Ligand SMILES: NC(=O)c1ccc[n+]([C@@H]2O[C@H](COP(=O)([O-])OP(=O)(O)OC[C@H]3O[C@@H](n4cnc5c(N)ncnc54)[C@H](OP(=O)(O)O)[C@@H]3O)[C@@H](O)[C@H]2O)c1
């Protein structure tokens with residue numbers, strides 16, 4: 001039997017990159033998946049061809065409480081309950097405080113932070129029934145800052161603090177809460193930045209390359225599963241060693 005057979009997992013931001021690959025991973029390991037993403041057409045296209053008897057799509061803005069409610073209701077009505085919530089959705093926003101306008105700031109925090117709160121709030125009663133778990137997607141920028149990314153850095157710092165807070169508050173219900181903190185990952189978003197923009201980041205990554213969405217999904221699945229039954233409140237770097245260094249460039253790239 002596969003690791004997630006009979007289990008149901010909600011994944012937000014499922015229409016691209018890490019979220020899409022996480023859906024693949026849980027389906028491949030036998031799970032039922034409720035996949036949430038903003039743009040219906042892109043979500044359908046990204047997950048076309050997957051086993052639709054175990055996949056339910058929810059199109060909508062993850063920062064909308066009604067969408068969180070719809071996703072949890074789908075897990076319960078269609079698959080009988082909920083075991084895992086993966087709060088993956090997150091957008092990027094460059095700029096310092098002067099450059100980011102109030103609307104952009106509010107929008108970014110709503111997508112990157114409020115969505116995680118809304119989905120956790122909707123999911124926790126169901127997760128408690130099954131002693132389930134939450135896995136959040138932070139970033140290397142969660143506990144260290146990158147220049148010119150104040151809103152994104154702030155949002156990922158909040159996700160890590162929320163991870164620890166929820167781990168404490170819901171341990172008595174048997175719900176574990178952890179996070180992954182990816183470094184540079186090769187997704188449609190980062191591909192859009194172009195190789196020249198990414199080269200300095202690769203040069204500061206000891207393993208000397210970007211990660212793949214599958215490498216992040218594998219650690220998400222580990223944290224969600226029974227092998228991590230004594231792990232809660234952890235933020236696991238999945239970054240090719242980037243957070244282990246002081247930010248120096250690899251000798252090979254000097
Ligand atoms: N890629 C990296 O290098 C990297 C590094 C560290 C951390 N992360 C984190 O990993 C997570 C996933 O990143 P990624 O690179 O895989 O992202 P991505 O390729 O940009 O995909 C993001 C997905 O989220 C959806 N989405 C965006 N805003 C939404 C909203 N308000 N409501 C519902 N869905 C929404 C997008 O849908 P649409 O198609 O409608 O836009 C898209 O399917 C994020 O939390 C990100 O911060 C990524």
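In the UniProt record's numbering, the protein residues as written are 1 to 254.
Think of the CB as a built atom: it goes at the ideal place given N, C-alpha and C, for glycine as much as any other residue.
This one's a predicted model, so the numbers in the text were calculated from it and none came from an experiment.
**OP:** Could you tell me whether the region 231 to 240 touches the region 196 to 209, where touching means 3 or more Cβ pairs closer than 8 Å?
**Re:** yes
**OP:** Below 8 Å CB to CB, which residues in the same chain sit around residue 16 once its five sequence neighbours on both sides are set aside?
**Re:** In the chain shown, counting from the first residue as 1, residue 16 sits at position 16. Cβ neighbours of residue 16 beyond the five flanking positions: 37, 42, 46, 187, 188, 189.
**OP:** Would you please verify whether the beta carbon of residue 136 is less than 8 Å from any beta carbon of chain C?
**Re:** Looking for chain C here will not work: only one protein chain is present.
**OP:** Starting from the C-beta of residue 173, find all residues in its chain whose C-beta is less than 6 Å away, skip the five residues before and the five after it, and write them out in chain order.
**Re:** Residue numbering aside, residue 173 sits at position 173 when the chain shown is read from its first letter. 128, listed in sequence order.
Subject >> ligand 1 heavy atom lying under 7 Å from the CB of residue 16 >> reply: As a first step, residue 16 must be located in the chain shown, where it is residue number 16. Yes, the Cβ of residue 16 comes within 7 Å of a heavy atom of ligand 1.
**OP:** Kindly examine ligand 1 and report whether one of its heavy atoms sits closer than 7 Å to the Cβ of residue 188.
**Re:** Here residue 188 corresponds to residue number 188 of the chain shown, with the count starting at 1. True, at least one ligand heavy atom lies under 7 Å from that Cβ.
Subject >> Short Cβ contact (8 Å threshold) for residue 270 with residue 62 >> reply: Nothing in the structure corresponds to residue 270, since the chain is present only between 1 and 254.
**OP:** Could you name the residues of the same chain whose beta carbon sits closer than 6 Å to that of residue 115, not counting the 5 residues immediately before and after it, in chain order?
**Re:** Residue mapping note: residue 115 aligns to position 115 of the chain shown, counting from 1. Hits under 6 Å: 62, 63, 89.
Original post:
Any heavy atom of ligand 1 closer than 7 Å to the CB of residue 223?
Top reply: To locate residue 223, count along the chain shown from 1; it is residue 223. Checking the Cβ of residue 223 against ligand 1 gives no.
Original post:
Measuring CA to CA, which of 4, 249, 223, 233 is closest to residue 169?
Top reply: For this step, residue 169 is matched to residue 169 along the chain shown. Comparing Cα positions, the closest option is 233.
**OP:** Could you give the DSSP three-state label for residue 32: helix, strand or coil?
**Re:** Walking along the chain shown from the start, residue 32 turns up at place 32. It is a strand residue.
Original post:
In the region 204 to 230, which residue ranges form an unbroken alpha helix (DSSP H) of at least 4 residues, counting only runs that do not cross its ends?
Top reply: 213 to 224
Subject >> Closest Cα partner of residue 10 within the set 22, 33, 156 >> reply: For the purposes of this step, residue 10 is identified with residue 10 of the chain shown, where counting begins at 1. Cα-wise, what sits closest to residue 10 is 33.
Original post:
If we ignore side chains and look at the alpha-carbon of each, how far apart do residue 13 and residue 181 end up?
Top reply: Position 13 of the chain shown, counting from 1, holds the residue named residue 13. Position 181 of the chain shown, counting from 1, holds the residue named residue 181. In a straight line, the C-alpha of residue 13 is about 16 Å away from that of residue 181.
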